[in-house]
Amino acid sequence: MTRTIWFLTSNAGKLKEATHHLQPLGYTVRLLNVDEGAIVEPQVDTLEEVAQSKITQALNHLPEGEQSEDMVLVEDAGLFIDALNGFPGVFSAYTLDTIGCSGVLRLLNHLQSEDTIQCAQLRSAEFQAVAALWMNGQILYGNGICPGWIALESSGDDGFGFDPVFIPNDLDEFGEPLPSGTYGEKSAHGKTFGAMPIEEKQYYSHRSRALNDLLRQLPSA
Ligand code: IMP
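So the sequence shown is numbered by my numbering: it starts at 102 and just counts up by one.
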């Protein structure tokens, strides 16, 4: 019998991605449907604390409650910009809703250089993701990072959120991110996430990395 993982998300893309990772291991991923506004985004300092709070809240909506054999998955991500001491970080969703990508570009307007490598260093940033899984009364955490930099202007119609302004760093032959400005086996060639198809984004994605980190800790179903 396969074990069910209830995924708390309102994002169809995230559900698809989690199914892609977990189904081959014998898990059935189902959407944990809750009314809009039923889960409160806490104002805390780290993505892990956000994920933990969401797990606790999600357990109230689990069909068989905390006695269930099922598991609960939540995932939380944010954009951390070095020159802004990590802002917007845990406030990424709020920042996107208020000042948006154009506001973020304005905040970095003074950080520019003709030299691409220097520009990438001045505007360095990273996406971070935490995937948290509740099972048998315990919470497992997986972490994923995607280093890169903030483009000088928005580009691309694909993706969501900050994708049009984020350029990922190149990857080495093992798929690991390289320092800014290093040319790698796999290169975004200066394209933003918004200007690449979802399949290409997966190579770099903080979310895929967080799920893979979680998977390494899981027994097969
Ligand atoms: P969430 O909590 O994982 O939904 O993400 C918080 C905020 O960061 C949301 O506003 C997202 O739009 C943004 N974000 C998270 N992951 C990505 C990504 O892969 N690309 C662009 N924006 C993202």
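Built from N, CA and C at the ideal position, the CB exists for glycine as well. All values derive from a computational prediction rather than experimental measurement.
Ligand 1 heavy atom lying under 6 Å from the CB of residue i
i    : result
G187 : no
L109 : no
F192 : no
D264 : yes
L197 : yes
D177 : yes
Rounded separation between residue i and residue j - CA only
i    : j    : result
I106 : T293 : 32 Å
H290 : G249 : 12 Å
P125 : S154 : 28 Å
A178 : A226 : 13 Å
L133 : G285 : 39 Å
T120 : S306 : 16 Å
F228 : P164 : 33 Å
F188 : D273 : 28 Å
A184 : E176 : 26 Å
I234 : M297 : One point to set straight first is that residue 234 is Leu, not Ile, in the sequence displayed. If I take the Cα positions, the gap works out to 30 Å.
G127 : F108 : 15 Å
R104 : E215 : 54 Å
G282 : S288 : 11 Å
L241 : E301 : 28 Å
E277 : Y304 : 9 Å
I156 : F275 : 33 Å
E135 : H162 : It is Val, not Glu, that sits at residue 135 in the sequence shown. The alpha-carbon atoms of V135 and H162 are separated by roughly 7 Å.
G138 : R317 : 33 Å
A311 : T129 : 19 Å
L279 : Q219 : 15 Å
E118 : R308 : 9 Å
Counterpart residues of residue i in DSSP-defined beta bridges
i    : result
A230 : A178 and G245
Q239 : M236
R131 : W107
V173 : W107 and W235
S225 : W250
P164 : In the DSSP output, where bridge partners are listed per residue, P164 has none listed.
P189 : F181
Would you list, in sequence order, the uninterrupted beta strand (DSSP E) runs of no fewer than 3 residues that lie entirely inside the stretch 250-310?
-> 267-269
Mind the definition here: the stretch 205-221 touches the stretch 181-197 only if three or more C-beta pairs lie below 8 Å; say whether that holds.
-> yes
Counting Cβ pairs closer than 8 Å, one from the stretch 264-277 and one from the stretch 240-255, do we hit at least three?
-> yes
Does the stretch 229-239 touch the stretch 135-152, meaning 3 or more C-beta pairs lie closer than 8 Å?
-> The answer is yes - the stretch 229-239 touches the stretch 135-152, with three or more Cβ pairs under 8 Å.
Where are the alpha helix (DSSP H) runs, 4 residues long or more, that stay fully inside the stretch 190-214, in chain order?
-> 193-199 and 201-208
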